[in-house]
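> Numbering (mature numbering (1 follows the signal peptide of the UniProt record, and there is no 0)), first residue to last: -22 to -1, 1 to 433. Got a structure here, written out as structure tokens. Questions coming.
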């Protein structure tokens, strides 16, 4: 059962679902690093012992790690076997730990299952991120009804003791993945007949200006910038995209730019947000489906339901390195991703419900989010249509980047329950994130997309 008043530790009630933001008390902040992890998760394991205590996360490099190939991180849990599997036959025994989306997939596809492995709380962060998170606990606040944050926030999770759904969403948007990193992103689309199509292959660069370790405050109003150059398929080769997101989407909207070789110019693309279909994913997911949720919060009311124990994808390093068993040819099955390649673990998650604001239109007017307690990274998401019917199931993988240290959560997938189509992005061997040196501002000027995007 979901705990509506979230018991964080030692009887400390840390969550209210009221719309008015409650101030974090000095007593609450003193729990960080004691009963709570530096990011505000419960330090202790659960009563059953199936969720371990957090003891600092994974910072030790496993044997075989090659710093020249950081996107091919060895699997530290390759020796482990599933504790059990859950499918349509026994899902009723695990119903309280399954999202509605997982239940729907099990009911729709007899071959769909999840393999549940021992739980490992691998989340770890650099010291400066933990220090800034402790400072943010009392200096950060939301504005404009929760959709913006104040400029005092910097360099750490803004709300380690979240009180509202918006605060949890901000922790998710500002989760630490690294300061600057790149990935070779490939998205593939599988139709209802099992035919696989390459949706897009991109070279991607991300930079979180908010996490620049050389600064103590945000310069400007934008916390994250992203760009990619499309390599394939041939009809899209040379296209380029840039997104820049603000801490205050009321005062400053997302900046979105596209370069299309046929037009030979960079154009503003303000519609690349919210429920616009994501370019290069065959219409199977929307812009705000990225990492379960991405972008501005101004079109939804977000309610923090509570916290509960759930099975979510976790520690999925195998997917990123096992070319023999988890190549796209073997992983992309008809109807669903190969269960042999996907690792689930039992973890506590923050449960947030999003309901579209009155007068606003969205293809998924109700959404449920399940964010990992330790990292606020994506776990699972369920999207419902206007009639209240579940229409799309979202999932994302976690992989420890132990050399940073950080937790990657870039790879994700989306199932369309109506059409039977699904898309998977960055969930293949060799698709791991890797840190890079930050690029200067000239590389982030819109006109730079022309150089990045020419054939």
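Glycine is no exception: its CB is placed at the ideal position from the N, C-alpha and C atoms.
(1) Sort 55, 118 and 80 by Cα distance to residue 3 and report the nearest one.
(2) Starting from the C-beta of residue 273, find all residues in its chain whose C-beta is less than 6 angstroms away, skip the five residues before and the five after it, and write them out in chain order.
(3) Taking all protein chains shown into account, decide if residue -15 is buried (16 or more other Cβ within 10 angstroms of its Cβ) or exposed.
(4) Restricting to Cα atoms, I'd like to know which of 242, 380 and 406 is closest to residue 391.
(5) When DSSP labels each residue in this structure, what does residue 298 get in the three-state scheme?
(6) Comparing alpha-carbon positions, which option in 101, 350 and 261 lies nearest residue 165?
(7) Find out if the Cβ-Cβ distance for the pair residue 403, residue 355 is shorter than 9 angstroms.
(8) Which ranges does the alpha helix (DSSP H) cover as unbroken runs of at least 4 residues, wholly within the stretch 143 to 215, from first to last along the chain?
(9) According to DSSP, is residue 317 part of a helix, a strand, or is it coil?
(10) Could you give the distance in angstroms between the alpha-carbon of residue 64 and the alpha-carbon of residue 328?
(11) Got a sec? Which residues, its chain only, sit under 8 angstroms from residue 318 by beta carbon, not counting five neighbours each side?
(12) Report yes if the CB atom of residue 219 is closer than 9 angstroms to the CB atom of residue 200, and no otherwise.
(13) Identify which residue in 366, 363 and 373 has its Cα closest to the Cα of residue 357.
(14) Going by beta carbon distance, what residues of the same chain come within less than 8 angstroms of residue 61, once the five residues before and after it are set aside?
(15) Could you check what DSSP says for residue 418 in three-state terms: helix, strand or coil?
(16) For residue 245, would you say it is in contact with chain B, using Cβ-to-Cβ distances shorter than 9 angstroms as the test?
(17) Out of curiosity, what's the CA-to-CA distance linking residue 180 and residue 213?
(18) Cα separation between residue 190 and residue 154?
(19) Nearest-angstrom Cα distance between residue -19 and residue 285?
(20) Excluding the five sequence neighbours on either side, which residues of its own chain have a C-beta within less than 8 angstroms of the C-beta of residue 414, listed in chain order?
(21) Taking Cβ positions, are residue 83 and residue 376 nearer each other than 9 angstroms?
(22) Report the start-end ranges of each alpha helix (DSSP H) in the stretch 30 to 110 that is 4 residues or longer and not cut off at the edges.
(23) Taking C-alpha atoms, which residue in 349, 316, 342 and 330 lies nearest to residue 90?
(24) Quick test of your reading: residue 146 and residue 282, contact by CB under 8 angstroms. State the CB separation rounded to the nearest angstrom.
(25) Under DSSP, the alpha helix (DSSP H) around residue 8 begins and ends at which residues?
(26) Using a 10 Å radius around the Cβ and a threshold of 16 neighbouring Cβ atoms, would you call residue 427 buried or exposed?
(27) Can you check DSSP and say which residues form a bridge with residue 279?
(28) Over the uninterrupted beta strand (DSSP E) stretch that includes residue 245, give me the two end residues.
(29) So, helix, strand or coil for residue 117, using DSSP?
(30) As a quick exercise: from 320, 394, 300 and 277, pick the residue whose alpha carbon is nearest that of residue 336.
(31) For residue 178, which option in 151, 109 and 168 has the closest C-alpha, if you only look at C-alpha atoms?
(32) When you compare only the Cα positions, how much space is there between residue 115 and residue 194?
(33) Quick check: the Cα distance between residue 341 and residue 204, rounded to an integer number of angstroms?
(34) If I measure Cβ to Cβ from residue 69 and keep anything under 7 angstroms in the same chain, skipping five residues before and after, which residues do I get?
(35) When we look at the beta-carbon of residue 57 and count the other beta-carbons within 10 Å, is it buried (16 or more) or exposed?
(36) If you draw a straight line from the alpha carbon of residue 41 to that of residue 248, how long is it in whole angstroms?
To lay it out plainly:
(1) 118
(2) 251 and 266
(3) In this predicted model, residue -15 has a pLDDT of only 38, less than 50, meaning its place in the structure is not dependable enough to derive any value.
(4) 406
(5) helix
(6) 261
(7) no
(8) 143 to 151
(9) helix
(10) 22 angstroms
(11) 93, 303 and 304
(12) no
(13) 373
(14) 94, 95 and 96
(15) coil
(16) Looking at the structure shown, chain B is missing, and only one protein chain is on hand.
(17) 13 angstroms
(18) 11 angstroms
(19) Its pLDDT being 42, under 50, residue -19 is placed unreliably by the model, and the measurement read from it follows with that caveat. Approximately 7 angstroms, taken between the alpha carbons.
(20) 158, 159, 160 and 183
(21) no
(22) 78 to 86
(23) 316
(24) 6 angstroms
(25) 4 to 8
(26) buried
(27) 333
(28) 243 to 246
(29) helix
(30) 277
(31) 168
(32) 16 angstroms
(33) 25 angstroms
(34) 76, 81 and 84
(35) exposed
(36) 46 angstroms
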